[in-house]
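The numbering of the sequence shown is this note's numbering, which starts it at 2 and goes up by one.
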Amino acid sequence: MGWGGCWFRQRCELPPSNLTPKNHFSIRVVPTPSRSAIMDCSNHRVAISWPARAVRFLTTSCLAAGLLLVGGVGFAHAEPLRFVTSALPPLEINRNGEPDGAVLQVLRDLSATMGNPFTVEFLPFPRALAAPQEQPHVGFAGAVRNAEREVLFKWIGPLVYDSIVLVTKKGVRAAPATLSAARDWRIGALNGGNTAAVLKEAGLTNIQTQKDWETGARLLDADRIDAWAVSRLGGPYIYKALGFDPNSLDIGPEICRNDLYIAVSKTVPDDTIAAWQRAVDDMKNRGRIDEITRRFIP
2 MGWGGCWFRQ RCELPPSNLT PKNHFSIRVV PTPSRSAIMD CSNHRVAISW PARAVRFLTT
62 SCLAAGLLLV GGVGFAHAEP LRFVTSALPP LEINRNGEPD GAVLQVLRDL SATMGNPFTV
122 EFLPFPRALA APQEQPHVGF AGAVRNAERE VLFKWIGPLV YDSIVLVTKK GVRAAPATLS
182 AARDWRIGAL NGGNTAAVLK EAGLTNIQTQ KDWETGARLL DADRIDAWAV SRLGGPYIYK
242 ALGFDPNSLD IGPEICRNDL YIAVSKTVPD DTIAAWQRAV DDMKNRGRID EITRRFIP
């Protein structure tokens, strides 16, 4: 018979007739020559008996189930999400190409729950943020959700709770009590993020943007900036990883929330987003997100 421009002519392969009724077997829809199979029923376990009407029933059932799957019932044929991120230890860590860190370990658990391949590509921050806007079925794991970005993506999360703070180096400058107290300071901030915009709205204008977090840490240690706008969770970790003393950092006021989400291409169906969000909520309710975060940030 024909359906949707495709022709189906299959048969169900049955096991040898010497099997007893207590046995179970696998059914596989097999194409006849020059025709394409529409499904594999090999996961269905069926108690057997061998009257002809049972064989006819099984054949009909295989074809009907195939039509349901081809018709898109459930997520059987949903295109998987592909993930990108930008390194921010200890939240997103690139261990020689192997993804690690609090955000990516949460994402690994989520992917397993959703049956989605866990593949993560590390990109510079501006490219990672652009990827879901330019390509279908892409999620940027570790994106901050704000008013400017809200309409650009669909959102899943948050995966980790964080904030951006103003950090100084002890013995050089004490951390300010308020942002306005740092009005004339040289402040380092990540290029492409929303931190610089928030600082400017607060009246701070001498802002120097860097391509990555590590550059900001080096500039602070070399006294080439007065303060560093960085993740509360990630700043001390990055500073230590570069060989500097994290105890020399003076943590100042919060600039903005930095809760980390998956920013997803708008091509992804709403029901898929909702399914992922339910999985995130379940992880949070079970305490799994906090458990993973504590492994990286005691």
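All C-beta atoms, glycine included, are put in the ideal place defined by N, C-alpha and C.
(message) With the cut-off set at 8 Å, would you say PRO137 and GLY253 are in Cβ contact?
(response) no
(request) In the DSSP assignment, find the beta strand (DSSP E) that holds ALA264 and state where it starts and stops. (result) Per DSSP, the continuous beta strand (DSSP E) segment holding ALA264 begins and ends at 261 to 265.
(request) For LYS171, count neighbouring Cβ atoms within 10 angstroms of its own Cβ and tell me buried if that reaches 16, exposed if not. (result) exposed
(request) Spell out the partners DSSP gives ASN258 in its beta bridges. (result) At residue 258 the sequence reads Arg, which differs from the Asn that was named. SER164.
(message) For a quick check, are the C-beta atoms of GLY140 and VAL281 less than 8 Å apart?
(response) no
(request) Using the Cα positions of MET284 and ALA103, report the straight-line distance between them to the nearest angstrom. (result) 13 Å
(request) Buried or exposed for PRO270, please, with buried defined as at least 16 other CB atoms from any protein chain shown within 10 angstroms of its CB. (result) exposed
(request) Pull up the DSSP beta-bridge partners for LYS170, would you. (result) LEU250
(request) Would you identify the three-state DSSP class for LYS201, choosing helix, strand or coil? (result) helix
(message) At the level of alpha carbons, what is the spacing between SER87 and PHE126?
(response) Near 5 Å, if we compare the C-alpha coordinates of PHE126 and SER87.
(message) For a test of the three-state rule: what should DSSP assign to PRO159, helix, strand or coil?
(response) strand
(message) With three or more C-beta pairs closer than 8 Å as the rule, is the segment 158 to 169 touching the segment 226 to 238?
(response) With a cut-off of 8 Å on Cβ pairs, the segment 226 to 238 is in contact with the segment 158 to 169, counting three or more such pairs.
(request) Please list, in chain order, all residues of the same chain as LEU82 whose beta carbon is under 6 Å from its beta carbon, the five residues on each side excluded. (result) ASN117, HIS138 and GLY140
(message) Can you find the residues in the same chain that come closer than 7 Å, C-beta to C-beta, to ALA190, ignoring five residues on each side of it along the sequence?
(response) THR196, ALA197, LEU200, ILE208, THR210 and ALA230
(message) Taking the alpha-carbon of LEU124 as reference, which of TYR262, ALA228, LYS212 and ASP272 has the nearest alpha-carbon?
(response) LYS212
(message) Nearest by alpha-carbon distance to GLY217: which of ILE188, PRO159, ALA203 and LYS241 is it?
(response) ILE188
(message) Here's the rule I'm using: 16 or more other beta-carbon atoms within 10 Å means buried, otherwise exposed. How should LEU205 be labelled?
(response) The residue is buried, with at least 16 neighbouring Cβ atoms inside 10 Å.
(request) Could you tell me the boundaries of the alpha helix (DSSP H) in which PRO91 lies? (result) Note, PRO91: premise wrong, no alpha helix (DSSP H); not H, not E.
(request) Report yes if the C-beta distance between PHE84 and VAL121 is below 8 Å; otherwise report no. (result) yes
(message) By alpha-carbon positions, which one of LEU220, ILE263, GLY158 and TRP186 ends up nearest to ASN305?
(response) The chain is shown only over 2 to 299; residue 305 falls outside these bounds and no answer can be derived.
(request) Please report how far the alpha carbon of GLU93 lies from the alpha carbon of ASP185, in whole angstroms. (result) The C-alpha of GLU93 lies about 32 Å from the C-alpha of ASP185.
(request) Within 10 angstroms of the Cβ of ALA175, are there 16 or more other Cβ atoms? Answer buried if so, exposed if not. (result) exposed
(request) Please look up how many angstroms separate the CB atoms of GLU215 and ILE239, rounded, as I've assumed it's under 8 Å. (result) Contact holds; Cβ gap of about 6 Å.
(request) Starting from VAL139, follow the beta strand (DSSP E) in both directions and report where the run begins and ends. (result) 139 to 145
(message) Quick check: what's the CA-CA separation for THR114 versus ALA276?
(response) 10 Å
(request) Drop a sphere of 10 angstroms on the beta-carbon of GLN111, count the other beta-carbons inside from all chains shown, and report buried for 16 or more, exposed for fewer. (result) In the sequence on display, residue 111 carries Leu and not Gln. Buried, by the Cβ-count rule.
(message) In whole angstroms, give me the CA-to-CA distance for SER27 and ASP260.
(response) Because SER27 sits at a pLDDT of 37, beneath the cut-off of 50, its placement in the model cannot be relied upon, and the point is left open.
(request) Kindly indicate which three-state DSSP category PHE126 falls into: helix, strand or coil? (result) helix
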